[in-house]
Structures are given as C-alpha cells and as structure tokens.
Amino acid sequence: MIWLAWRQFRGSVTMMAAVLVVLAATLALTGPGLASRYAAGIADCTPDGTCFEFFDRFFDEYQTPFLAVSLVVLLLPGLVGLFWGAPLITRELDAGTHLLVWSQSITRGRWLAVKLALTGLAAMAAAGLCGLLVTWWSDPLDRSAVPELAQMAPVVFGARGIAPMGYAAFAFVLGVTVGMLVRRTLPAMALTLAAFAAIQLAMPLLVRPHLMPPVSGTFELGRENVDGMGAPKGGSLQIFLRTSAVPGHPGAWVLSSEFVEPSGRRSAGSSDDGPSSTIVGAVPVSTTSGPCAPQAGPPGMNGCMAEINRLGYRQQATFHPLERFWPFQWLETGIYALLTLGLTWFSFWWIRRRLS
Amino acid sequence: MTSALEAQALGKRYGKRWALRDCTIDIPKGHVVGLVGPNGAGKTTLLKLAGGQLEPTTGRITVLGERPAAGPEQLARVGFVAQNTPVYTGLSIADHLRLGARLNPRWDDTMARERIASLDLDPAQRAGKLSGGQRAQLALTLGLAKRPELLILDEPVASLDPLARREFLQGLMEATVEHELSVVLSSHLVSDLERICDYLIVLVDSRVQVIGETDELLATHHRLTGPRRDPGTLPAGQHVVSARHTDRQSTYVVRTDGPILDPAWTVTRLSLEDLVLAHMDKRPARARRADLEVQR
Chain S
1 MIWLAWRQFR GSVTMMAAVL VVLAATLALT GPGLASRYAA GIADCTPDGT CFEFFDRFFD
61 EYQTPFLAVS LVVLLLPGLV GLFWGAPLIT RELDAGTHLL VWSQSITRGR WLAVKLALTG
121 LAAMAAAGLC GLLVTWWSDP LDRSAVPELA QMAPVVFGAR GIAPMGYAAF AFVLGVTVGM
181 LVRRTLPAMA LTLAAFAAIQ LAMPLLVRPH LMPPVSGTFE LGRENVDGMG APKGGSLQIF
241 LRTSAVPGHP GAWVLSSEFV EPSGRRSAGS SDDGPSSTIV GAVPVSTTSG PCAPQAGPPG
301 MNGCMAEINR LGYRQQATFH PLERFWPFQW LETGIYALLT LGLTWFSFWW IRRRLS
Chain P
1 MTSALEAQAL GKRYGKRWAL RDCTIDIPKG HVVGLVGPNG AGKTTLLKLA GGQLEPTTGR
61 ITVLGERPAA GPEQLARVGF VAQNTPVYTG LSIADHLRLG ARLNPRWDDT MARERIASLD
121 LDPAQRAGKL SGGQRAQLAL TLGLAKRPEL LILDEPVASL DPLARREFLQ GLMEATVEHE
181 LSVVLSSHLV SDLERICDYL IVLVDSRVQV IGETDELLAT HHRLTGPRRD PGTLPAGQHV
241 VSARHTDRQS TYVVRTDGPI LDPAWTVTRL SLEDLVLAHM DKRPARARRA DLEVQR
C-alpha cells in the first residue's frame, strides 16, 4: 500500500521538494552574508549608541525579502491543505477508483492510514523545514524589525519556529476531512481554504492572547514607545504613542497600549494625523518656552520627554514578552496537533461507517 | 457447505428512498449468477453490499460465510469489479499489476501477465489511454489475478460494443471454468447473461422478483395462449406471472411445478429473456414509466 500511495503522490512531492530546494539554496547562500552585515552593524553602532538608527536602516533595506519568505511560510500550510489534503480522497471518489482499491485485500482503514501518514508526514516535513530555515535566515532581521513585525507579532509568529508544522498537519487533515464530507474536489478545496483561513485568523485574534496571562505594566515615555511629537494643537503637545512597543521589552507582543494622564485618566485619542500604529496623547505643556520649545532643538527632545515624564504621563500596556516566543510556539503547535488528531479520528470513523 | 452469498431481510435506504428492501437470498457456491433488472432496480446496491462497499440499513448479509469486508482475509476471498470499471488513469497497466501484487496475498502474477499479453495490451501504456473494452479487461484481470473464491462484477459490459462484450464474457467464462470460482454479475440486458449464467436473480423496484437456477426457472415457466378467459379460472398451482388480453385471446405466463393439462392452451416454452421480461412486466404501468427516468 505504501508503494501505491507513493506512486500516486510522487509527482506532487517532487514538485514540493524542488521548490523547497530552491528556497533552501537561496536562503543558505544569502543567510551568512545577512548575519555578518548585522554583526558588523552592531559593532559599529554600539560605541556611539546609534543602534536604533542602524536597526531601522538595516530592516528597511531587507524588508521585501523578509516579508516574502514569511509569506511563503504562512501560505505553505494552506496550499498543502488545498492541493494535498482536499483531493486526497475526493480524487478517488470522482474517478471511482476508491472502489478499485477497496476491493483489493486491504481494509479501507489501513488504506486511509497509509495515505494520511505518508502525505501528512511529507506535509509536516516540508512546512517544518521551511519554517525553521526561514527562522534561521531571518534571525538578524527579527532582531532589528519594527515592533509591528517583531517575532511575536501575529503575522510573523506563524511564520517562525515549529508552528508551521502544526498548521500544515492540521490544514492537510482538514482538507482530507472536508473532502470526505463534500465528496467533490473543487467545492472541497474552496471550503478547505475558507475554513483554514478563518481558523488562522481566529487563532491570533481570539486564542493566542490567552495562552498565558499577559503581563501588564506602566512605563515612562521614551524613545522606544513614542514615535514622535506632533505640532501643538489647542495648547497641547501631541505625543504619538506606539501601540506595539513597550520599553525594556523589545519584540514583545503588545495587546493593548494606552496613554495615561497624571490624573489616571486614559486618553483615547485617534491617530488620524499621527504615524501608523500609534495613538495620540495630548500633553498641555508650553511649546513656546521651557524644554519643549522648538528652540530647544533635537537634543531638547529628550529634555521635553523628561519634562513630560516628570509631569506624570505614562504608557500603560498589557503584553507578552519575547521570552514567551518558544512557550507560545509549543502551546500553539500542541493545540493544532490536538485538532489534527481529532480530525484524523473523525476521518477514520467516517470512512468506516459512512463513506461508500 | 457455506453459501456464496446469503442475505436475510437485507435493506438499504438512501435518505427516504429504499434502494433495496426485504432481500432474502441464499446462493450456493459454484454458480455463475446473473443479476438482472431495469436501471435503478437496486442491482448496484446489492452488489456493493456484497462487496462490503456499503453497510446495510436493515437485515444482514454474509459472503462466503463472513461479513463483507470484515478484514483483509475476507477481502482477499472476494473480487469486486465496480461499475464502469474504474482504473487509475495516471498509472500504467504494469503499475496496476504491481498494485494488485502488493495489495493481495494470493496474487497470481503469471496469470495476470499472460492475460495482459494475450489481450495484446502494452504493459507500459497508461490506463487512461485504454478503450472502454480494454479498461474493462484490465479491471477483470485485476479481479481474476487476485484469485478470489467469489468474483462480483457490476455491469461489466455496459460500456462495451458487441464484439468487446463477447470477448469479455468469453474471457470471464474461461477463467470461471479454470479457477472454479463463483461469479455474480449484473446487467440490465438478459442477452448478455443468457450464455454464461446458470443462476438468475431478477430485481425489480428494489425487490427480488424471482430467483433460482436458470434450468429450473425455464422448466417451470410456460406461456399459455388460447381463447380469452379470466385468470381466476386457472388451476390453483399455476401462478400468473403476466397476462395479456386481446378481444378474443389471452396470453398468460405462468409458473408451475406441474404439467399444463388444459387442452385449450397452446403451451410454449419461454426463452430466458421472455421469462425476465414477463417478471418485469408484472409491475403496474406507472412504475414502468418511472424506469425511463434516470436513476442512480
């Protein structure tokens, strides 16, 4: 049976292997160069304390390949579910060949087991390899990424570590199960894609934030959590507070970030005129004299910030620090593994009881 | 001796529609069984139940003394060639033989190769490029080389032209004699089965209408032609299968174990086809029209 499953599957596995080899070669060739540029840049910037500027430059330069490889890892599980999972059984049902193979001396349970195991393991291997390769390659970029694209950020988290393996296993079995229920290849593919996309959206929005209790904290305003100051408006200085960064916890996944006034009142300013991913806080401080006057110049920016902190303005945030990256990866992979096992059990039950 | 196929009150329902109901049969081993009936009568359902492809809704069925598809051993004893003889279009003929060799413990590789060679088929050819007849032959080869004790064929010749039909049935008959296997094959054409079957099941409207050895069926069915008369006047032992009347004349098909003694009748024997048609004819006209609709 392994021979038959392999014979039917070898075309697509060869194609997948070819794509992976090209990807791996590209990453292996460019990875060391990327890492050494990063190391050199850190060595340069550390003495004069300009590392923030270096991070911005460095990340900006490689943003496109960074997004491209992350996208590959994010899409791979979905494609596996779509093109390996959904047609696995429906193709046989469409052509009637399930009747041919079920009348050989092999139970349909065993037939399904071999098909699921072979294709499922190939899918997991491909996604796992892809995920770990990209994790290795993008390490310098993950260290210098803007907060919105840090390792814990929802979009990037799913493209790093071992989670892609869990996604691929789940997407594959989801495709197989939907295929068995729908019995037609094209509708099964469409439904698999829709269901998987919905689950992949629901996971970071609804489930992942609660995998562990988030950390809360109140932070002084500074270079890390303020994206700049806006022109005075109605006698107040505008502070653009980042919604995705907290000081002292680079790479943290910020769930909420609020601007708190000395009175304890939370300001719910909109960020219409500020940079993206910020909220606006209004600080009634003189902008014509004192530390926040324009004449104070760029160095005075720090003075102005100190003045605002002295007045008692703070950032209040809940977040998951970067140290939780691997615990979260294991937890999420575990959740997907459980879902995969559940669907696998269901597909065996269905093929024995209902499918014909 | 266990039966080749035994069913008790067997029924299968799809949603609200009964595809097969109240089917009680017991077919001894060693027969070539023809299963006939109009399209949608439940032939495929019965065969799929026997092959273990379907689970019964009611009743029970045993094949060679065991529940169908109970395990690999039971599967090895039963060959099944599905309707339209599906094959893997992407695989070559040689691949199919390899598939058979790997998935069947009793696989007869020599026989499979010889059969393919005698059919003038190139083993390297893809199954998707075969004609309908060649595909059916490939599927039959897979079924035979498995060396089953019972071979089930669902409308194996439906898609074949008359010549290919004859060749296929010829090949089947030779194999049956050579390997002493029991065969159940279905068709909606009696003429296909007439030559090779020694046992007959007529299935109409998801019910078994008549079942028995063909010789016995032919010996007990008679066509009576004579002056017009009421069916109530026939002797008690004569069961009317079908009746036709013109103004003056009546034609009955009756089933009886005894001789026909009434001198008023002209008695003729029926051909197998006439016999089957007479049984199909028993249904009300409304049901007959429904057959024209396409059913699964």
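Read top to bottom, the protein sequences are chains S and P.
Sequential numbering from 1 applies to the first sequence in full-length UniProt numbering.
Sequential numbering from 1 applies to the second sequence in full-length UniProt numbering.
All residues carry an ideal CB built from backbone N, CA and C; glycine is no exception.
Asked, Found
"When you compare the region 42-58 of chain P with the region 5-25 of chain P, are there three or more beta-carbon pairs, one atom per stretch, that lie closer than 8 Å?", "yes"
"Report the rounded CA-to-CA distance for P:Gly212 versus P:Gly34, giving the unit in angstroms.", "10 Å"
"The alpha helix (DSSP H) that contains P:Val204, what's its start and end?", "Run containing P:Val204: none in the alpha helix (DSSP H); it sits in the beta strand (DSSP E), Tyr199 to Val204."
"With burial defined as no fewer than 16 other Cβ atoms inside 10 Å of the residue's Cβ, what is the status of S:Phe52: buried or exposed?", "exposed"
"Which residue wins for smallest C-alpha separation from P:Lys29, given the options P:Cys23, P:Thr62, P:Arg126 and P:Ile116?", "P:Thr62"
"Quick check on S:Gln8: does DSSP put it in helix, strand or coil?", "helix"
"Curious, which full-length beta strand (DSSP E) runs of at least 3 residues does the region 100-182 of chain P contain?", "150-153"
"Quick check: what's the CA-CA separation for P:Gln125 versus P:Ser92?", "5 Å"
"What do you get for S:Ile279, buried or exposed, if any count of 16 or more other CB atoms within 10 angstroms of its CB means buried?", "buried"
"So what's S:Gln151 in DSSP terms, helix, strand or just coil?", "coil"
"With DSSP collapsed to three states, give me the class of P:Pro93.", "The amino acid occupying residue 93 of chain P in the given sequence is Ile; Pro does not appear at that position. Three-state result, P:Ile93: helix."
"Would a check of beta-carbon distances place S:Trp102 closer than 8 Å to chain P?", "yes"
"For a contact defined as C-beta to C-beta under 8 Å, what are the partners of P:Val87 on chain S?", "Thr97 and Leu100"
"Return the residue from the list S:Ala117, S:Gly128 and S:Cys292 that minimises the CA-CA distance to S:Ile239.", "S:Cys292"
"Which runs of the beta strand (DSSP E), 3 residues or longer, sit entirely within the region 211-255 of chain P?", "221-227, 239-245 and 249-255"
"Which residues does DSSP pair with S:Ser279 in a beta bridge?", "Reading the sequence as shown, one finds Ile at residue 279 of chain S and not Ser. Paired residue(s): S:Leu241."
"Which residues bound the alpha helix (DSSP H) around S:Ile335?", "Phe325 to Arg353"
"Would you report the Cα separation of S:Leu133 and S:Leu27, rounded to the nearest angstrom?", "7 Å"
"What would DSSP say about P:Lys16, mapped onto helix, strand or coil?", "coil"
"Could you check the C-alpha separation between P:Thr44 and P:Asp154 for me, to the nearest Å?", "6 Å"
"Which residue's Cα is closest to the Cα of S:Asp142: S:Met180, S:Ala35 and S:Arg310?", "S:Ala35"
"Provide the residue(s) that pair with S:Glu258 in DSSP beta bridges, ordered along the chain.", "S:Gln316"
"Can you give me the Cβ contacts of P:Leu151 inside the same chain, cut-off strictly under 6 Å, excluding the 5 residues immediately before and after it?", "Gly79, Gly143, Leu181 and Val183"
"Which two residues bound the contiguous alpha helix (DSSP H) that contains S:Val73?", "Gln63 to Val80"
"With which residues is P:Val36 paired in a DSSP beta bridge?", "P:Ser187 and P:Val202"
"When you compare the region 105-123 of chain S with the region 200-209 of chain S, are there three or more beta-carbon pairs, one atom per stretch, that lie closer than 8 Å?", "no"
"Check each candidate in P:Thr141, P:Ser131 and P:Gly37 and name the one with the smallest Cα separation from P:Leu160.", "P:Ser131"
"Assuming S:Met124 contacts S:Ala169 (C-beta within less than 8 Å), just tell me the rounded distance between them.", "5 Å"
"With a threshold of 8 Å between beta-carbons, can P:Pro123 be considered close to chain S, or not?", "no"
"Using only CA atoms, which one of P:Gly51, P:Leu189, P:Asp230 and P:Arg195 lies nearest to P:Leu172?", "P:Arg195"
"Between P:Gln295 and P:Asn39, what straight-line distance do the alpha-carbon atoms span, to the nearest angstrom?", "Reliability of the predicted coordinates at P:Gln295 is poor, the pLDDT of 43 falling under 50, and no value is obtained from them."
"What does a CB cutoff of less than 8 Å around P:Thr251 pick up in its chain, not counting 5 residues either side in sequence?", "Arg223, Leu224, Thr225, Ala243, Arg244 and His245"
"Interface residues of chain P around S:Thr107 at Cβ under 8 Å?", "Ala69, Gly71, Pro72 and Leu75"
"Using 8 Å as the limit for Cβ to Cβ distance, is S:Arg7 near chain P?", "yes"
"Can you give the Cα-Cα distance for P:Ala236 and P:Thr214, rounded to whole angstroms?", "24 Å"
"In the DSSP assignment, the beta strand (DSSP E) including S:Val215 goes from what residue to what residue?", "Val215 to Phe219"
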